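Residue numbers (full-length UniProt numbering): 1 to 665. Backbone N, C-alpha and C define an ideal beta-carbon position, used for all residues, glycine too. Note that the coordinates shown come from a computational prediction; the quantities given were computed from them, not determined experimentally. Below is one structure, written out as structure tokens, with a few remarks after it.
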């Protein structure tokens with residue numbers, strides 16, 4: 001497949017109207033929908049922003065390459081757009097973006113499409129081509145430039161293949177002098193593997209040619225691993241360049257000088273990376289101590305709090321299926337108990353037991369995957385055991401008997417266990433880093449599991465459990481003894497936090513706090529109230545946008561009104577993310593309006609003591625609304641949600657300006 005097959009005059013904007021990043025993404029996404037490239041604009045924009053939040057796709061040099069690959073995309077295509085004035089896109093070099101390449105690939109994209117996308121990405125390394133694109137006036141000129149560049153690249157690739165074949169023949173005859181030439185090997189990879197992977201490969205190879213250095217790059221993109229490095233190449237290499245945003249097979253590089261950077265550095269700083277290798281500035285990589293790309297001594301590490309958040313979120317993301325699955329089954333069991341025969345029915349016993357069994361794994365899984373994020377696979381078992389010890393009550397299985405714990409260390413103790421187990425394993429790896437290679441195999445099979453278990457058990461038994469069981473007991477006692485005034489304040493704050501970033505750190509912190517209280521005591525009335533508050537707070541944003549687009553059509557575009565229809569269902573299901581496109585398009589009005597509405601709904605939940613003993617489900621679990629064992633509060637649960645949503649919807653809609661489009665279109 002040729003590049004022209006993924007370019008089309010219909011998918012080009014020769015002068016963007018947008019003046020900022022949000023509007024630019026929206027304008028390009030509108031065209032993707034209009035040309036039938038994308039079938040679900042909301043889902044598509046959400047995936048574009050998810051990639052941008054990982055790291056900007058403004059790669060520098062006036063170029064941005066937003067991209068996505070998912071079910072909302074119908075066909076592989078590259079949308080080309082220009083901005084003469086330039087747009088602040090939060091680019092890595094801080095400069096405005098003039099050329100946009102929005103790359104789309106469906107989940108089932110075949111290799112021919114992916115190869116064409118990879119080739120186009122590689123061509124953008126050429127500054128002459130980029131400058132020519134900036135001066136184009138028509139879509140036909142854009143396609144012509146790429147066709148000529150592709151033909152030139154094909155000829156270069158043909159000559160390179162012939163040269164490689166000649167080298168192999170010379171080597172077989174013993175006349176090759178390759179062993180005397182400097183060689184650098186490397187790996188490039190990005191999260192989606194569509195563009196940056198191949199741009200970094202091309203940039204590094206070209207920079208190597210300028211300096212008379214042979215550079216061999218393995219890519220780990222959408223098609224999987226290509227140009228795989230051979231053991232002989234790695235052995236002969238002067239050093240290794242890793243330009244990757246995801247895990248790389250690292251142990252094979254043991255003993256080599258190695259630099260490890262994000263993939264964008266391979267695109268923007270190829271000369272610096274090569275100089276680090278050739279100038280012996282790179283540290284020697286030791287696989288025995290560090291066997292993941294994110295742990296190399298030369299890796300650019302995230303800040304302290306960013307690292308803590310990343311590790312915590314790894315644990316929470318693995319824990320949530322246990323919370324949601326177990327919690328919903330327990331919630332259904334309560335419905336059976338309240339409306340279908342009581343606590344002695346087989347259905348209640350089965351569902352309640354299944355839910356409780358899933359809940360029993362919640363804290364151990366949380367701790368295990370926090371530990372795994374820090375210390376890799378060897379830390380998983382100590383983290384799991386530490387989390388299990390945190391969830392055991394005094395007297396059960398003879399754990400904590402000597403510590404005299406009066407309650408389990410619980411959710412907080414599990415978090416502590418995960419971080420301790422993870423850093424404990426990092427320490428053990430460093431301690432054993434210089435052991436002889438003859439005992440290398442004993443470390444993961446003997447040293448790490450035995451010492452990891454011994455140390456985490458001792459730390460949990462004598463330190464963490466006694467301390468955190470007391471803290472957990474105090475928090476639980478405080479929550480259960482809260483008066484209405486304090487309870488209203490807490491539910492107001494938690495519900496408001498759900499709308500601050502709609503799925504980001506504030507939203508997750510509020511949800512984790514409520515679900516942690518619920519996990520510590522699923523039968524606690526206060527915990528059920530906190531769960532109801534965060535669900536109401538999370539349902540308000542999608543409902544508010546649905547209300548606004550339904551009753552104030554002159555304030556919203558045609559695309560927003562279409563998205564508003566689906567937000568009725570998303571709101572009912574406690575899927576806050578349905579409001580993200582609205583918040584991204586107009587954050588100054590949408591986010592404050594939703595925070596106020598969510599806070600109002602949360603305050604009403606606390607005032608009316610509305611509890612929902614389920615960690616998810618939105619209004620679908622409304623039959624459970626009420627304090628556990630108490631009267632039904634279904635009406636109050638609905639009222640809190642409706643009032644909060646109306647408040648947010650009215651503020652948002654009165655605040656917004658009229659759009660110029662025909663509201664009856």
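Determine the DSSP secondary structure at residue 574, reduced to helix, strand or coil. Here residue 574 is taken as the residue at index 574 of the chain shown, counted from 1. DSSP places residue 574 in coil when its eight states are reduced to three.
For the beta strand (DSSP E) that residue 244 lies in, which residues bound it at each end? Looking up residue 244 in the chain shown gives position 244. Note, residue 244: beta strand (DSSP E), 239–244.
What does the alpha-carbon distance come out to for the pair residue 610 and residue 491? For this step, residue 610 is matched to residue 610 along the chain shown. For this step, residue 491 is matched to residue 491 along the chain shown. Spanning the two alpha carbons is a distance of roughly 11 Å.
Since residue 618 and residue 539 are thought to touch, with beta carbons under 8 Å apart, how far apart are those beta carbons, to the nearest angstrom? Here residue 618 refers to the residue found at position 618 when the chain shown is read from its first residue. Here residue 539 refers to the residue found at position 539 when the chain shown is read from its first residue. So it is a contact: roughly 6 Å between Cβ atoms.
Alpha-carbon to alpha-carbon, residue 585 and residue 658: Against the chain shown, residue 658 aligns to sequence position 658. Against the chain shown, residue 585 aligns to sequence position 585. Residue 658 and residue 585: Cα-Cα distance of roughly 14 Å.
Since residue 353 is in the alpha helix (DSSP H), which residue starts that stretch and which ends it? Locating residue 353 in the chain shown gives position 353, where the first residue counts as 1. Unbroken alpha helix (DSSP H) run through residue 353: 346–360.
Give me, in chain order, the residues of the same chain whose beta-carbon lies closer than 8 Å to that of residue 508; leave out the 5 immediate sequence neighbours on both sides. Taking the first residue of the chain shown as position 1, residue 508 is located at position 508. If we look at residue 508 and ignore the five residues flanking it on each side, its Cβ neighbours are 313 and 316.
Classify residue 376: buried if its beta carbon has 16 or more other beta carbons within 10 angstroms, exposed otherwise. By one-based count along the chain shown, residue 376 stands at place 376. That one is buried.
Tell me whether residue 229, by its Cβ, gets closer than 7 Å to a heavy atom of the ligand ATP. With respect to the ligand ATP, the structure offers nothing, as it holds no ligand at all.
State buried or exposed for residue 487, treating a residue as buried only when at least 16 other CB atoms are found within 10 Å of its CB. In the chain shown, the residue the question calls residue 487 occupies position 487. Per the 10 Å Cβ criterion, buried.
Around the C-beta of residue 442, are 16 or more other C-beta atoms found within 10 angstroms, so that it is buried, or is it exposed? Taking the first residue of the chain shown as 1, we reach residue 442 at position 442. Exposed, by the Cβ-count rule.
Under the three-state DSSP convention, the category residue 79 falls into: Here residue 79 corresponds to residue number 79 of the chain shown, with the count starting at 1. In this structure, residue 79 counts as strand in the three-state DSSP scheme.
Residue 545: buried (16+ other C-beta within 10 angstroms of its C-beta) or exposed? For the purposes of this step, residue 545 is identified with residue 545 of the chain shown, where counting begins at 1. Looking at its Cβ environment, which holds 16 or more other Cβ atoms inside 10 Å, residue 545 is buried.
DSSP state of residue 557 mapped onto helix, strand, coil: In the chain shown, the residue the question calls residue 557 occupies position 557. In this structure, residue 557 counts as coil in the three-state DSSP scheme.
Less than 8 Å between the C-beta atoms of residue 413 and residue 465, yes or no? Against the chain shown, residue 413 aligns to sequence position 413. Against the chain shown, residue 465 aligns to sequence position 465. Cβ atoms of residue 413 and residue 465: closer than 8 Å.
Give the DSSP-derived three-state secondary structure of residue 610 in the structure shown. On the chain shown, residue 610 is found 610 positions in, with the first residue counted as 1. Three-state DSSP puts residue 610 in coil, outside helix and strand.
With DSSP as the reference, label residue 123 as helix, strand or coil. Position 123 of the chain shown, counted from the first residue, corresponds to residue 123. Residue state, collapsed to three classes: helix.
Is the distance from the Cβ of residue 73 to the Cβ of residue 35 below 8 Å? The residue labelled residue 73 in the question sits at position 73 within the chain shown. The residue labelled residue 35 in the question sits at position 35 within the chain shown. Taking 8 Å as the Cβ cut-off, residue 73 and residue 35 do not qualify as a contacting pair.
Per DSSP, residue 87 forms a beta bridge with which residues? Counting from one through the chain shown, the residue named residue 87 turns up at place 87. Answer by DSSP bridge pairing, in chain order: 97.
Euclidean distance between Cα positions of residue 42 and residue 615: The sequence position of residue 42 within the chain shown is 42, counting from 1. The sequence position of residue 615 within the chain shown is 615, counting from 1. Those two C-alpha atoms are separated by around 26 Å.
Are at least three pairs of beta-carbons, each pair with one atom in the region 207–214 and one in the region 248–265, less than 8 Å apart? no
Paired residues, beta bridge with residue 257 - DSSP: The residue you call residue 257 lines up with position 257 of the chain shown. Looking at the DSSP assignment, residue 257 forms a beta bridge with 239 and 284.
Residues in the same chain with beta-carbon distance under 6 Å from residue 532, minus the five sequence neighbours each way, listed in chain order, please. Looking up residue 532 in the chain shown gives position 532. Answer for residue 532: 605, 610, 611 and 612, listed in chain order.
Which word fits residue 252, buried or exposed, when buried means at least 16 other C-beta atoms lie within 10 angstroms of its C-beta? What you label residue 252 is simply residue 252 of the chain shown in a count that begins at 1. Exposed, because fewer than 16 other Cβ atoms sit within 10 Å of the Cβ of residue 252.
Where residue 548 falls, given that 16 or more other Cβ within 10 Å makes a residue buried: Along the chain shown, one-based indexing puts residue 548 at 548. The residue is buried, with at least 16 neighbouring Cβ atoms inside 10 Å.
Beta-carbon gap between residue 239 and residue 184 smaller than 8 Å: As a first step, residue 239 must be located in the chain shown, where it is residue number 239. As a first step, residue 184 must be located in the chain shown, where it is residue number 184. Yes. Within cutoff.
Tell me residue 216's beta-bridge partners as DSSP assigns them. Here residue 216 refers to the residue found at position 216 of the chain shown. The partner list for residue 216 (beta bridge, DSSP) reads 185.
Assigned exposure category for residue 674 - 16 Cβ within 10 Å defines buried: Summary: the structure shown does not reach residue 674, with the chain confined to residues 1 through 665, and so no result is reported for it.
Are the C-beta of residue 238 and some C-beta of chain C separated by less than 8 Å? Considering every chain present, this structure includes no chain C. It has just one protein chain.
Could you pull the start and end residues of the alpha helix (DSSP H) that residue 37 belongs to? As a first step, residue 37 must be located in the chain shown, where it is residue number 37. Taken as a continuous stretch (DSSP letters only), residue 37 belongs to no alpha helix (DSSP H), as it is neither H nor E.
With a Cβ-Cβ cutoff of 8 Å, do residue 203 and residue 277 count as a contact? Here residue 203 refers to the residue found at position 203 of the chain shown. Here residue 277 refers to the residue found at position 277 of the chain shown. No.
Burial state of residue 10 (16 or more Cβ within 10 Å): The sequence position of residue 10 within the chain shown is 10, counting from 1. Result: exposed.
Can you tell me where the beta strand (DSSP E) with residue 60 in it begins and where it stops? Counting from one through the chain shown, the residue named residue 60 turns up at place 60. 58–60 is the extent of the beta strand (DSSP E) around residue 60.
C-beta atoms of residue 602 and residue 514 nearer than 8 Å: Locating residue 602 in the chain shown gives position 602, counting from the first residue. Locating residue 514 in the chain shown gives position 514, counting from the first residue. No.
On the three-state DSSP scale, how would you describe residue 341? Counting from 1 along the chain shown, the entry for residue 341 is found at position 341. Coil, per DSSP.
Residue 19, DSSP secondary structure in three states: Looking up residue 19 in the chain shown gives position 19. Three-state DSSP puts residue 19 in coil, outside helix and strand.
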